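Q: The listed protein sequences correspond, in order, to chains P and L. Last residue of the first sequence? That's 437 in the numbering used here, and every number before it is there in order. Last residue of the second sequence? That's 437 in the numbering used here, and every number before it is there in order. Using N, Cα and C, we set each Cβ at its ideal position, and we do this for glycine too. Note that the coordinates shown come from a computational prediction; the quantities given were computed from them, not determined experimentally. I have a structure here, written as structure tokens, and I will follow up with some questions on it.
There are 2 protein chains.
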Amino acid sequence: MASDPTIKQLKYLCAIAEKQHFGKAAKSCFVTQSTLSVGIQELEQSLGLPLVERGRKSALLTAAGENVVKRASEILAQVRALKEEAASATEPLSSRIRLGAIPTIAPYLLPDTLALIRKHHPRLQLLIREDLSANLVSLLNQGQLDLILLALPYPVEAAYTHELFSDPFVLAHPVGHALEKRNVIKPRDLRGHDILLLEQGHCLRSHILDSCNLTNSQISLTFEATSLHTIVPMVANGVGITLLPKMAVDKGILKGVSGVATKAFSAAGVQRGIGLVWRKASPRVNDYLKLAEYFAR
Amino acid sequence: MASDPTIKQLKYLCAIAEKQHFGKAAKSCFVTQSTLSVGIQELEQSLGLPLVERGRKSALLTAAGENVVKRASEILAQVRALKEEAASATEPLSSRIRLGAIPTIAPYLLPDTLALIRKHHPRLQLLIREDLSANLVSLLNQGQLDLILLALPYPVEAAYTHELFSDPFVLAHPVGHALEKRNVIKPRDLRGHDILLLEQGHCLRSHILDSCNLTNSQISLTFEATSLHTIVPMVANGVGITLLPKMAVDKGILKGVSGVATKAFSAAGVQRGIGLVWRKASPRVNDYLKLAEYFAR
DNA sequence: ACGTTTTAATCGGTTTTTTCGATGGCATCG
DNA sequence: CGATGCCATCGAAAAAACCGATTAAAACGT
């Protein structure tokens, strides 16, 4: 079977088309005339037809040769484009990063941070997927995502976890609630109260339970919500109390809601970690670390 | 400077994209795994960025890698297209031939012959240019034309002349003309008669003069026309006599014209030759010879 | 916990290809 | 008729491509 033409050969041919002269074409390609000559011959052989009409005065192209040149120059242009794109992609934090984030982080951390990142790295295309931790980890390990933003601790299999900062939980209770008068609040003070949590599958639920040493059975009323935004009005209505990520409170989840007060825990450890996770083999660790700086502030 | 990626390398990369596995990709490229491995590495080096994420389970593409693959597959498709076009062009009498012809041949020889050629070689693209011999020869030697159809003899510089057949001149005279009664007509019988010829520059003029041993001064009335079609009615109106290529008469130049009679010369040599001319260096002599067969019949 | 397997990178050596300088052939020009 | 210009060809040297074997590292199985 006839082998493929070489990019070099196509270049030679285009040079001939331009210069109409073997020697000059060779010079413009920085090779000797003999090299270019055999290059053209090989190309003609591999295509099975004469491309250049060797005259004494000048080297003209065959009709077929001109067609080939037309296609060849397109190919060369595309190759150039490929190289240029690749070159621009070597610029850090460019091209595409597919980022996953869980629902109890994304709405509070991403808007500001992404705006900042976008400002500094306009060439970076960040695709966001919001999903539960388990799904994100699975997608990451399948290669469908490049980077995920999780609450820690979380088992991420073979992936690498880069912790960013810790996010304390704060108590959110109806105004006038029995806990309001206490100066100091510890996890054990929660026992016996109706605690509203997200439904199973949200890692926030287990992080809260774990960090407060509670079990499912110790929660007297397990009213399960699908989002923090649905829990807040329930607290306002006196249905129960809840723990909110400080991150969410800082970003104004209580804004416009009356009848809910917050209180920080005096004990340490009532918190979750926030971290980035990527595949160990990932070649863009530098990019991820740079992104981490934006998330960490 | 970074060297160009190789077509082979692009193939390797696309194979990886498809198989997501070095070994399998290598097999599909009919090379060993090591060959493909270094090929990919070279490509990555020349582009200056990682394209493949070598996992233990599978070889995934980087974001940049996917972009490159997209472009690469386009390039490969174009290369394939180039090869296919070239292959189809090896079929004889395909692609393009730029044919020049003089005004005293083209209208009489081309219509029928081109129809025949078109029928047998539908893939052949014949571009026709009608011009005076001198211009055609110049265009041929400049490479603007591939083949020209001339009346012979004609000096064609370095080109090669392939004679097809001879085209006798016939006398065309008004009905009732003095020459009508003669059984035998020789060139010298023309002397003293008003002979209508094409203007200077048309080779037909000099061919007639030469073949009849006439000089410009021997023509009593030098009424110069720009085309044979304008001469014929002038003959019909008794303005003079003329010599017409038999070819033109055969193809009906006198059809619908009354009052003009024709007579063959009894002497040999009152004729012009018809021939194809191409550059000696032309690589498509086979095609031209094949075309010559159509013109010669 | 420990071999086994899988997978890609690496190494060493051979073959192939590429490239160059020099030479040759051919046609044109002075 | 020699000089010149141009492309093809040749021979040698350099570069590369390629292969098979081996290594390294991780995943898998027992």
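Please confirm whether L201(P) and A157(P) have their CB atoms less than 8 Å apart.
A: At a Cβ-Cβ threshold of 8 Å, L201(P) and A157(P) count as neighbours.
Q: For a contact defined as C-beta to C-beta under 8 Å, what are the partners of P145(P) on chain L?
A: I147, V219, L222 and K223
Q: Beta-carbon of S422(P) versus every beta-carbon of chain L: anything under 8 Å?
A: yes
Q: Name the one or two DSSP bridge partners that D307(L) has.
A: R412(L)
Q: Does any residue of chain L have a CB that is nearer than 8 Å to the CB of N207(P)?
A: yes
Q: Which residue marks the beginning of the beta strand (DSSP E) containing L280(P), and which one marks its end?
A: Premise fails: L280(P) lies in the alpha helix (DSSP H), S273 to Q282, not in any beta strand (DSSP E).
Q: Roughly how many whole angstroms lie between the Cα atoms of P308(L) and P385(L)?
A: 6 Å
Q: Give the residues of chain P in contact with P464(L), contact being defined as C-beta atoms less than 9 Å apart.
A: This structure cannot settle anything about residue 464(L), because the visible part of chain L is limited to 141 through 437.
Q: Can you tell which of P232(P), V296(P) and A407(P) has the C-alpha that lies nearest to the C-alpha of N323(P)?
A: Checking every option, the nearest Cα to that of N323(P) belongs to A407(P).
Q: Which two residues bound the contiguous beta strand (DSSP E) that contains K403(L)?
A: Boundaries of the beta strand (DSSP E) harbouring K403(L): V400 to A404, taken from the DSSP string.
Q: Does the pairing of the stretch 365-383 of chain P with the stretch 328-338 of chain P give three or more beta-carbon distances under 8 Å?
A: yes
Q: For chain P, find out if any of its Cβ atoms is closer than 8 Å to the Cβ of L187(L); answer yes or no.
A: Closer than 8 Å to some Cβ of chain P, the Cβ of L187(L) qualifies, so yes.
Q: Measuring only the C-alpha atoms, how far is R211(P) from Q218(L)?
A: C-alpha of R211(P) to C-alpha of Q218(L): approximately 7 Å in a straight line.
Q: Could you say which of S168(L), I288(L), D390(L) and P243(L) lies nearest to L368(L) if we only look at CA atoms?
A: P243(L)
Q: Count the other C-beta atoms from every protein chain shown that fall within 10 angstroms of the C-beta of R194(P), then say buried if there are 16 or more, exposed otherwise.
A: exposed
Q: Determine the chain L residues that contact S235(P) at a beta-carbon separation under 8 Å, and present them in chain order.
A: A203, A204 and N207
Q: Inspect the CB distances between the stretch 290-297 of chain L and the stretch 409-426 of chain L and report whether three or more fall short of 8 Å.
A: yes
Q: Any idea if F263(L) is buried or exposed, counting beta-carbon neighbours within 10 angstroms, 16 or more meaning buried?
A: Before going on, a small fix: residue 263(L) reads as Arg here, not Phe. It counts as exposed.
Q: For a contact defined as C-beta to C-beta under 8 Å, what are the partners of T301(P) on chain L?
A: Per Cβ cutoff of 8 Å: no residues; T301(P) is ~18 Å from chain L at best.
Q: When the Cα atoms are used, what is the spatial distance from G273(P) to Q149(L)?
A: A small correction: the amino acid at residue 273(P) is Ser; Gly does not occupy that position in the sequence shown. If you take the alpha carbons of S273(P) and Q149(L), they lie about 38 Å apart.
Q: Roughly how many angstroms lie between the CA atoms of G188(P) and P232(L), to the nearest whole one?
A: 12 Å
Q: If distances are taken between C-alpha atoms only, which option among S346(P), F162(P) and D329(P) comes closest to F405(P)?
A: Of the candidates S346(P), F162(P) and D329(P), the residue whose Cα lies closest to the Cα of F405(P) is D329(P).
Q: At the level of alpha carbons, what is the spacing between V397(P) and I257(P)?
A: Looking at the two C-alpha atoms, the distance is approximately 31 Å.
Q: Thinking C-alpha only, which one of H161(P), N353(P) and L349(P) is nearest A199(P)?
A: H161(P)
Q: Rounded to whole angstroms, what's the CA-CA distance from N353(L) to R412(L)? Just pull it up for me.
A: 13 Å
Q: Can you name the residues of chain L whose CB is closer than 9 Å to the CB of T230(P)?
A: L187, G188, L189 and A204
Q: If you draw a straight line from the C-alpha of Q265(P) to the C-alpha of P251(P), how long is it?
A: 15 Å
Q: Which chain P residues are close to I180(L), counting only those with a beta carbon under 9 Å from its beta carbon?
A: Residues of chain P with a Cβ closer than 9 Å to the Cβ of I180(L) do not exist; the shortest Cβ-Cβ separation is about 13 Å.
Q: Assuming K151(L) contacts L222(L) under a Cβ cut-off of 8 Å, what Cβ separation, rounded to an integer in Å, is found between them?
A: Wrong, their Cβ atoms sit about 15 Å apart, outside the cutoff.
Q: Residue ranges of each alpha helix (DSSP H) run of no fewer than 4 residues wholly in the stretch 149-237 of chain L, ordered along the chain?
A: If we require 4 residues or more, the alpha helix (DSSP H) runs fully inside the stretch 149-237 of chain L come out as 162-168, 173-187 and 203-230.
Q: Please go through the same chain and pick out, in chain order, the residues whose beta-carbon is closer than 6 Å to the beta-carbon of F435(L), but skip the five residues on each side of it.
A: T253 and L304
Q: Would you mind working out which of A299(P), G163(P) and G399(P) sits nearest P316(P), comparing C-alpha positions?
A: With the sequence shown as reference, residue 316(P) is identified as Gly, and Pro is not the correct amino acid for it. Checking every option, the nearest Cα to that of G316(P) belongs to G399(P).
Q: Does DSSP classify E339(L) as helix, strand or coil?
A: coil
Q: Between G195(P) and chain L, is the shortest Cβ-Cβ distance under 8 Å, so that the two count as touching?
A: It does: the Cβ of G195(P) has a partner Cβ on chain L nearer than 8 Å.
Q: Spatial neighbours of L285(L) within its chain, please: CB distance less than 8 Å, with the 5 preceding and 5 following residues excluded, ordered by chain position.
A: R238, L239, G240, R269, L276 and L279
Q: Hey, E339(L) and A401(L): beta-carbon distance below 8 Å or not?
A: no
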